[in-house]
Each structure stands twice: as C-alpha cells, then as structure tokens.
Amino acid sequence: MSALETVKSAGKYVVYFAITIGVIGQVWPTLFLRLPMGFIPWAITGNVMPPYFDPTPFGADEFGTWAKDGDLIAAVGAKSGTNWMLYTAHQIRTKAKGSVETDYTDILLDTPWIGFNMLPGQRWGDIKTLMNTAVLPDGTSVKDYWDKPSYPFRIFKSHFTPEVLPIKAYPKVKFLAMARNGMDVVNSFYPFFASHRPSFKSRWGGFPYGSPMECLNDFLPGGTLAGLYFGYVKEWWPWRHESNVLLLHYTDAKKDLGAVISKLAKFLDVQLLPWQSARVRTRANIRQMKQIAHKFDYTQWAGDGSKIMCGKDGCPGIDGALIRTGKVGGGKAFFTPEMTALWDAAVEKEFGSDPELKRWAAKGGRFS
39 MSALETVKSA
49 GKYVVYFAIT
59 IGVIGQVWPT
69 LFLRLPMGFI
79 PWAITGNVMP
89 PYFDPTPFGA
99 DEFGTWAKDG
109 DLIAAVGAKS
119 GTNWMLYTAH
129 QIRTKAKGSV
139 ETDYTDILLD
149 TPWIGFNMLP
159 GQRWGDIKTL
169 MNTAVLPDGT
179 SVKDYWDKPS
189 YPFRIFKSHF
199 TPEVLPIKAY
209 PKVKFLAMAR
219 NGMDVVNSFY
229 PFFASHRPSF
239 KSRWGGFPYG
249 SPMECLNDFL
259 PGGTLAGLYF
269 GYVKEWWPWR
279 HESNVLLLHY
289 TDAKKDLGAV
299 ISKLAKFLDV
309 QLLPWQSARV
319 RTRANIRQMK
329 QIAHKFDYTQ
339 WAGDGSKIMC
349 GKDGCPGIDG
359 ALIRTGKVGG
369 GKAFFTPEMT
379 ALWDAAVEKE
389 FGSDPELKRW
399 AAKGGRFS
C-alpha cells in the first residue's frame, strides 16, 4: 500500500470514529461517563456541562407542574455563595426559630437542587416523583423536609440562568441570583472539585485538575465551564430590574451581610423584627455555618444515599468541607502573572463593551 493510500485509509477511520462519537453523544451520551475523563467527549458532543445538570424541570410546560407562586429559585452562580444564600433564605423564612442542630437537616433535603441528576441517565420525572414519595432510612419522608406546611414559601437550588428559567412566564415565582469576582470563582473551584468523593467523580466521568492553569482554561471563553461564569453573569445582567428577580453580588454580602439580609427579606415579603434579623445574621455568618458544615455535604437521597462532598472525614487525607473561608480577593494570590493576563483578556472580551457590567462583575456595588 502506498503512502497516499495509507493516509486515505487512515482518514476514513478518523471520519468513522468521529461519526461514531457524534452518534453516541446524541443517542447514548452516558456511555462516555463510564470512561476515565469521560466528561470530555460528553462536553465536545454538545451535552450540558457539568454532566449532572438537567434543564428539563424548567421547561415552559414542565415548570408549573412542581413550582408554585411564592417559591424561591435560588439560582446563584456556581461557587458564588449558593449554599450561603440557600441557608440565609431558609433562616429568613423561619425567622431563625428553632435549634441550629435540628432546624436544617441537609441542603438537598431542606432546599432541594432542581435540575440535578444524582445518577447518570436519571430522569427528572423520576426525581419529581421521589420528591413527593421517597422515605429515608430513618423513616422520615423527603417531602416533609422541603415542603413543610409551616414554611411561607419553598426554596429550591439551581445554577441556571434566564436562558433556561421561565422568569417572565411565572412572575409570582421569585428568582435569586448572585455573582462573584471571577478570579475568586476560579480560585474556589480548584479545591472544590478535589473535595468531591471519588465515587461521585468517577460516576460522572471524572473531573480532576492537575494544575491551576487547567482549571482556569475551562473557565476561559470556549472552555467547557465558561458558561458557569461569563455566561452566567452576562445572561443575568439584563434581568436585574425584573420585579421577581433579585441580583446580588458576593462582595456586597461579605461587606454587609445585614444589609443583604434586609434586602432579601424584603424581596421575600418577610418582615423581620430587629432581634430576628440579628439572629438570622448570626446564623448565616460563614464562621457559624462552618460549625454545621456536615449539613452541606449533599446527601443524594434520590441516588445511592451517599454524600457528594468528602466533608471533614469522608475522604482520608482530604479536608473536603464545602463551607470554607469565603474570602474576597483570594483569586489574586492564586493566579500567576500568566493566568492573570489570560483572565484580563477574557474579561475585556466578554464584558469590555459594557463598563458598568465589567465593574460590577468584579467588585459589586450599586448598578443602574
């Protein structure tokens, strides 16, 4: 066989391989997740990233089958204060009553994550059914945690944006969004992925990071996780004045948590007396939340019952507690000069045409 024929033959195999990968990506994408680093072919074939995200519950015809007026969808940006705001909103709705130890059991029980598949191939319809019928090993009902009659409203977690969420169609459902300085987001993600239990990472095609630069590359424009920061901020920004949307910034919450609690309580139509507001502020303080960090390890009640995060002692040699310092500005020390240059270029590309957005995304503060 001549060299030209060899090249042509090899080219055919490459084409066949590419077609096969494409077909699997459309027909049976969960097959990829059985492979080491399987999240890569999952992503390049156009599937939602991360692979356990599922926008199905927020479809125009589906949303109304489970959501109701007054519900809060806490669609905070990834690593931008999600658990903080979920817990704060919960303390506001209970007016910080009850014992800290018994008032909040687990983040996936009291404030369920909608659009999160706990097992590859799992369907939203099955999860929706389990939300109302599942019984935990201790005999308690899952529904009794997130849908208590005493709650003035239910709280659900999400990371989606108005591109997915039916904000206009459901004006009486409330949507909370929060952004954070992008360098701090990347800085927070690096140890976050390492804090997941090995069984969870393996189940979803693995997502290890060998270096900070590899982590950064995923967040840069065109990266597999670019939508979690640049996409998130840009898609929420035009919705900041909608009556059923509250757009916050992580930096503002760190500077004055009391002011954010007041703003969130007003948004949720909850009147807090001064002493109640002070108690919410105490409980929602990051230092206080670290004392109950085990409640944020994410028990997969609709999966195999295991926890997602390593927690304090779930993975030998790893401090996998999800509640960390929440420091503002930590990204500066994490980024090398090369990383900073790449980030600055990305910020200019994505936000440069809107100076106010560029400033707010980095530092928070008031916006027009």
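Quick note on our numbering: the sequence shown kicks off at 39 and runs consecutively. Just so you know, even glycine gets a beta-carbon here, dropped at the ideal spot from N, CA and C. Predicted model, so just to flag it, every value in this text is computed and none were measured.
Nearest-angstrom Cα separation, counted from residue j out to residue i
{"i": "Ala215", "j": "Pro67", "result": "30 Å"}
{"i": "Thr149", "j": "Asp335", "result": "13 Å"}
{"i": "Ser137", "j": "Gly265", "result": "38 Å"}
{"i": "Asn225", "j": "Lys401", "result": "16 Å"}
{"i": "Leu395", "j": "Gly364", "result": "23 Å"}
{"i": "Ala113", "j": "Thr199", "result": "7 Å"}
{"i": "Gly407", "j": "Gly367", "result": "The question about residue 407 has no answer, for the chain in this structure spans 39 to 406."}
{"i": "Gly341", "j": "Phe154", "result": "11 Å"}
{"i": "Glu280", "j": "Leu286", "result": "13 Å"}
{"i": "Thr417", "j": "Gln326", "result": "Residue 417 is absent from the structure shown; the chain starts at 39 and stops at 406."}
{"i": "Gln129", "j": "Leu71", "result": "38 Å"}
{"i": "Ile205", "j": "Pro354", "result": "43 Å"}
{"i": "Val211", "j": "Leu284", "result": "12 Å"}
{"i": "Lys350", "j": "Trp122", "result": "18 Å"}
{"i": "Ala207", "j": "Asp109", "result": "14 Å"}
{"i": "Trp313", "j": "Lys301", "result": "16 Å"}
{"i": "Asp92", "j": "Cys348", "result": "23 Å"}
{"i": "Phe405", "j": "Ala303", "result": "20 Å"}
{"i": "Phe276", "j": "Asp176", "result": "Rather than Phe, the amino acid found at residue 276 in this sequence is Pro. Spanning the two alpha carbons is a distance of roughly 45 Å."}
Short Cβ contact (8 Å threshold) for residue i with residue j
{"i": "Ile145", "j": "Leu203", "result": "no"}
{"i": "Pro209", "j": "Asn282", "result": "yes"}
{"i": "Arg131", "j": "Tyr189", "result": "yes"}
{"i": "Arg235", "j": "Ser344", "result": "yes"}
{"i": "Ile165", "j": "Phe194", "result": "no"}
{"i": "Gly115", "j": "Arg278", "result": "no"}
{"i": "Pro158", "j": "Trp242", "result": "yes"}
{"i": "Tyr228", "j": "Ser118", "result": "no"}
{"i": "Trp381", "j": "Met221", "result": "yes"}
{"i": "Ala127", "j": "Leu306", "result": "yes"}
{"i": "Gln338", "j": "Met169", "result": "no"}
{"i": "Phe230", "j": "Ile346", "result": "no"}
{"i": "Lys333", "j": "Tyr142", "result": "yes"}
{"i": "Ile356", "j": "Ser179", "result": "no"}
{"i": "Pro74", "j": "Gly352", "result": "no"}
Per-residue DSSP class, three states only, for residue i
{"i": "Gly402", "result": "coil"}
{"i": "Val366", "result": "coil"}
{"i": "Phe191", "result": "coil"}
{"i": "Val180", "result": "coil"}
{"i": "Trp151", "result": "strand"}
{"i": "Ala172", "result": "coil"}
{"i": "Lys345", "result": "strand"}
{"i": "His197", "result": "coil"}
{"i": "Phe91", "result": "strand"}
{"i": "Tyr54", "result": "For Tyr54, the pLDDT reaches just 48, beneath the cut-off of 50, and the residue's location in the model is therefore unreliable, leaving the point undetermined."}
{"i": "Val45", "result": "Legend: pLDDT at Val45 = 41, less than 50; position of this residue unreliable, value from coordinates given subsequently. Three-state result, Val45: helix."}
{"i": "Thr374", "result": "coil"}
{"i": "Thr103", "result": "helix"}
{"i": "Thr262", "result": "coil"}
Neighbourhood of residue i by C-beta distance below 6 Å, restricted to the same chain and skipping five residues each side
{"i": "Ala384", "result": "Leu258, Pro259"}
{"i": "Arg317", "result": "Ala134"}
{"i": "Gly97", "result": "none"}
{"i": "Thr120", "result": "Val114"}
Opening and closing residue of the alpha helix (DSSP H) in which residue i lies
{"i": "Ala232", "result": "220-232"}
{"i": "His128", "result": "120-132"}
{"i": "Leu254", "result": "250-257"}
{"i": "Lys328", "result": "324-328"}
{"i": "Trp313", "result": "312-321"}
{"i": "Asp141", "result": "138-141"}
{"i": "Leu302", "result": "295-305"}
{"i": "Phe238", "result": "236-241"}
{"i": "Ser274", "result": "Reading the sequence as shown, one finds Trp at residue 274 and not Ser. Run containing Trp274: 268-274, per the alpha helix (DSSP H) assignment."}
First and last residue of the uninterrupted beta strand (DSSP E) at residue i
{"i": "Phe213", "result": "212-217"}
{"i": "Ile205", "result": "Element bounds for Ile205: n/a, residue is neither H nor E."}
{"i": "Ala81", "result": "Premise fails: Ala81 lies in the alpha helix (DSSP H), 77-82, not in any beta strand (DSSP E)."}
{"i": "Val283", "result": "283-287"}
{"i": "Leu110", "result": "110-112"}
Cut-off 7 Å between Cβ atoms - residues of its own chain near residue i, not counting five sequence neighbours on either side
{"i": "Ala81", "result": "Met87, Thr262"}
{"i": "Tyr51", "result": "Here the model assigns Tyr51 a pLDDT of 44, short of 50, so the residue's position is not dependable and the matter cannot be decided."}
Neighbourhood of residue i by C-beta, 8 Å cutoff - its chain only, sequence neighbours within 5 removed
{"i": "Lys272", "result": "Glu388, Phe389, Leu395"}
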